[in-house]
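Student:
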Ligand SMILES: [Zn+2]
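In my numbering, the protein residues as written are 41 to 253.
1) Around the C-beta of residue 144, are 16 or more other C-beta atoms found within 10 angstroms, so that it is buried, or is it exposed?
2) Tell me the DSSP bridge mates of residue 27?
3) With contact counted as at least three CB pairs below 8 Å, one residue from each stretch, are the stretch 91-102 and the stretch 167-187 in contact?
4) Applying the criterion that 16 or more other CB atoms from any shown protein chain within 10 Å of the CB defines a buried residue, is residue 230 buried or exposed?
5) Could you tell me whether the Cβ atoms of residue 48 and residue 203 are closer together than 8 Å?
6) Tell me which residues share the same chain as residue 92 and place their Cβ nearer than 6 Å to its Cβ, disregarding the 5 neighbours each side in the sequence.
7) First and last residue of the beta strand (DSSP E) that includes residue 110?
8) Just mark residue 44 as buried or exposed, buried being the case when its beta carbon has 16 or more other beta carbons within 10 Å.
9) So for residue 187, helix, strand or coil by DSSP?
10) Can you give me the C-alpha to C-alpha distance between residue 154 and residue 182, rounded to a whole angstrom?
11) Any idea if residue 116 is buried or exposed, counting beta-carbon neighbours within 10 angstroms, 16 or more meaning buried?
12) I'd like the span of the alpha helix (DSSP H) that includes residue 66, first residue to last.
13) Residue range of the alpha helix (DSSP H) that residue 95 falls in?
14) Excluding the five sequence neighbours on either side, which residues of its own chain have a C-beta within less than 7 Å of the C-beta of residue 200, listed in chain order?
15) Give me the Cα-Cα distance between residue 104 and residue 207, rounded to the nearest whole angstrom.
16) Is residue 146 near ligand 3, in the sense that its beta carbon is under 7 Å from a heavy atom of that ligand?
17) To the nearest angstrom, report how far apart residue 51 and residue 192 are at their CA atoms.
Written as structure tokens, this is what we have:
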């Protein structure tokens, strides 16, 4: 396993983590109408959707003009495209190696050991309350302000191969998504997948291995 680290993805999801749009089809149709994606040349569910001609108007890239690859190449290099994750029965909290510690809503202290409780409650525990190690305030992890470094929801659109903060969705894109989901506001965050050695799950497994062996 000598894979390079995951560059990152831009994730779009309704702001309310419990809200699930009734149907994905109108969302895809809208994204196609505004030329954010090219559904007619989507490959399959695993490769997702190619980006459309107005992608660069609907997502603003920061800094100098980036060399964006929009098509797969023969070498299998990562490229910019859209995938869909979900729908999920309950909110999933998605986080990665870019995720920064959230602040407790009560005492405002940073919860540095957030990975420990996420590991225990699991990514899909919607009502698993976690206690602040400083003040004991119990809070659902989906309600933390992760400052765009993690996020919760039941349906996600991922734009693959985007570094955190590299590209920001234009207001038009968020507005159009809201219009096809009962005017519920959408927001965005960034994810860089964790290398296996650093994920909470694996370190727990390593601990068990040491204890047992
Ligand atoms: Zn606290």
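We put the beta carbon where it would ideally sit given N, CA and C, even for glycine.
Keep in mind the model is a prediction, meaning the values are calculated, not measured.
Tutor: Here's the rundown:
1) Counted from its first residue, the chain shown places residue 144 at position 104. The residue in question, residue 144, is buried, as its Cβ has 16 or more Cβ neighbours within 10 Å.
2) No statement about residue 27 is possible, as the shown extent of the chain runs from 41 to 253 and does not include it.
3) Between the stretch 91-102 and the stretch 167-187 there are fewer than three C-beta pairs closer than 8 Å, too few to call the two in contact.
4) For the purposes of this step, residue 230 is taken as the residue at position 190 of the chain shown. Per the 10 Å Cβ criterion, buried.
5) The residue given as residue 48 occupies position 8 in the chain shown. The residue given as residue 203 occupies position 163 in the chain shown. Inclusion of residue 48 and residue 203 in the CB contact set at 8 Å is warranted, their separation being smaller than that value.
6) Translated into positions along the chain shown, residue 92 becomes position 52. Within its own chain, the residues whose Cβ lies closer than 6 Å to the Cβ of residue 92, once the five positions on either side in sequence are excluded, are 75, 76, 77, 78, listed in chain order.
7) Position 70 of the chain shown holds residue 110. Run containing residue 110: none; DSSP gives neither H nor E here.
8) As a position in the chain shown, residue 44 is number 4, starting the count at 1. Counting other Cβ atoms within 10 Å of its Cβ, residue 44 stays below 16 and is therefore classed as exposed.
9) As a position in the chain shown, residue 187 is number 147, starting the count at 1. DSSP places residue 187 outside both helix and strand once states are collapsed to three, so it counts as coil.
10) Locating residue 154 in the chain shown gives position 114, where the first residue counts as 1. Locating residue 182 in the chain shown gives position 142, where the first residue counts as 1. If you take the alpha carbons of residue 154 and residue 182, they lie about 12 Å apart.
11) Along the chain shown, one-based indexing puts residue 116 at 76. Result: exposed.
12) Position 26 of the chain shown holds residue 66. For residue 66, the enclosing alpha helix (DSSP H) stretches over residues 65-73.
13) Numbered from its first residue, the chain shown carries residue 95 at position 55. Its alpha helix (DSSP H) spans residues 95-98.
14) Sequence index remark: in the chain shown, residue 200 carries index 160 (1-based). Answer for residue 200: 49, 118, 120, 121, 123, listed in chain order.
15) Mapped onto the chain shown, residue 104 falls at position 64. Mapped onto the chain shown, residue 207 falls at position 167. The alpha-carbon atoms of residue 104 and residue 207 are separated by roughly 11 Å.
16) Absence of ligand 3 is noted for the structure shown, with ligand 1 being the only ligands found.
17) Here residue 51 refers to the residue found at position 11 when the chain shown is read from its first residue. Here residue 192 refers to the residue found at position 152 when the chain shown is read from its first residue. Roughly 10 Å between the two C-alpha positions.
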